[in-house]
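Undergrad: In my numbering, each residue carries its 1-based index in the sequence shown increased by 263.
We put the beta carbon where it would ideally sit given N, CA and C, even for glycine.
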Amino acid sequence: MKAYRLPPYCAAVLFDMDSTLYTHPEYQRSQLDLPVGRLARLRGKSFEEMNGEIARCREEWAAAHGGRKISMGKAFEAFGVSIAESVRWREELYEPERYLADDPRLCAALGKLAVRFALAVVTNNPVSIARRTLAALGASGFFRAIVGLDTCGVSKPHEAPFCKAAELCGAAAPFCVSVGDRYDIDIALPLELGMGGVLVDGVEDVYKLPDLLV
Ligand SMILES: [Mg+2]
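1) Where do the N-terminal and C-terminal ends of the beta strand (DSSP E) with residue 439 fall, by residue?
2) Along the chain, where does the beta strand (DSSP E) containing residue 460 start, and where does it finish?
3) Let me confirm a value: residue 359 is counted as buried when at least 16 other C-beta atoms fall within 10 Å, else exposed. Which label applies?
4) When the Cβ atoms of the segment 351-367 are set against those of the segment 294-301, are three or more pairs found closer than 8 Å?
5) With a cut-off of 8 Å on the beta carbons, I'd call residue 320 and residue 341 a contact; round off their distance for me.
6) Could you check whether residue 439 and residue 427 sit closer than 8 Å to each other, using their CB atoms as the reference points?
7) Measure the alpha-carbon distance for residue 425 versus residue 344 and round it to whole angstroms.
8) Take the Cβ of residue 383 as the centre, count every other Cβ of all protein chains shown within 10 Å, and call the residue buried at 16 or more, exposed below.
9) If you check the beta carbons only, do residue 387 and residue 356 fall under 8 Å apart?
10) For residue 266 versus residue 432, is the C-beta distance shorter than 8 Å?
11) Please report the residue range of the beta strand (DSSP E) in which residue 408 lies.
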């Protein structure tokens with residue numbers, strides 16, 4: 264866990280969802296493989312061919328943008344899959360209930376945080392998947408706002424989802440902290456917006472947040 268510029272007074276905590284509020288490599292893997300498999304079938308290619316093309320696209324984008332990473336939704340746009348279509352595919356393909364279960368330690372941590380701060384989820388998944396994920400974790404009751412790919416129609420690290428979440432929490436940027444597992448997607452842009460950031464290695468770090476944030 265690494266903290267960046269935490270504000271002296273925090274009003275809202277904006278959580279990434281996947282690999283932040285839960286750690287499950289197999290489910291996370293399925294979120295990449297299932298849409299790639301569907302795109303491969305549509306394009307008449309093998310999974311490996313399609314996967315290779317997308318990986319190359321993401322590498323080229325990173326090379327042209329100082330090593331920064333691109334979101335999957337943005338990479339799929341380069342292959343003719345609109346954000347609206349990406350949302351639909353994810354709603355059809357993803358099954359959080361199959362992989363995730365109640366997490367009492369997460370709920371204990373969120374319960375402590377929710378007493379002190381407004382909590383939001385900011386995810387590149389659709390809102391419906393976020394709701395199903397939180398339900399599977401037993402953590403539905405703690406969040407004031409859920410901002411998904413279909414809320415603003417753009418994916419992180421665009422500023423719109425972070426600004427929307429801050430607005431829904433009633434907090435100005437300098438009083439927000441963004442928490443997530445990917446620096447380029449979850450932390451870099453919030454820092455530019457004047458927020459604080461906490462880079463986590465997984466949900467185990469989220470359990471410790473009540474002691475870190477003041
Ligand atoms: Mg994540």
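TA: Quick look at the numbers:
1) The residue you call residue 439 lines up with position 176 of the sequence shown. First-last of the beta strand (DSSP E) with residue 439: 439-443.
2) Working through the sequence shown from its first residue, we reach residue 460 at position 197. Start and end: 459-462.
3) Along the sequence shown, one-based indexing puts residue 359 at 96. Result: buried.
4) yes
5) Counting from one through the sequence shown, the residue named residue 320 turns up at place 57. Counting from one through the sequence shown, the residue named residue 341 turns up at place 78. Going by Cβ atoms, the distance from residue 320 to residue 341 rounds to 5 Å, so yes, they are a contact pair.
6) As a working note, residue 427 is residue 164 in the sequence shown. As a working note, residue 439 is residue 176 in the sequence shown. Cβ atoms of residue 427 and residue 439: not closer than 8 Å.
7) Residue numbering aside, residue 425 sits at position 162 when the sequence shown is read from its first letter. Residue numbering aside, residue 344 sits at position 81 when the sequence shown is read from its first letter. One C-alpha to the other measures close to 23 Å.
8) Counted from its first residue, the sequence shown places residue 383 at position 120. Buried, because 16 or more other Cβ atoms sit within 10 Å of the Cβ of residue 383.
9) To locate residue 387, count along the sequence shown from 1; it is residue 124. To locate residue 356, count along the sequence shown from 1; it is residue 93. No. Outside cutoff.
10) Mapped onto the sequence shown, residue 266 falls at position 3. Mapped onto the sequence shown, residue 432 falls at position 169. No, Cβ-Cβ distance for residue 266 and residue 432 is not below 8 Å.
11) Start at 1 with the first residue of the sequence shown, and residue 408 comes out as number 145. Unbroken beta strand (DSSP E) run through residue 408: 408-410.
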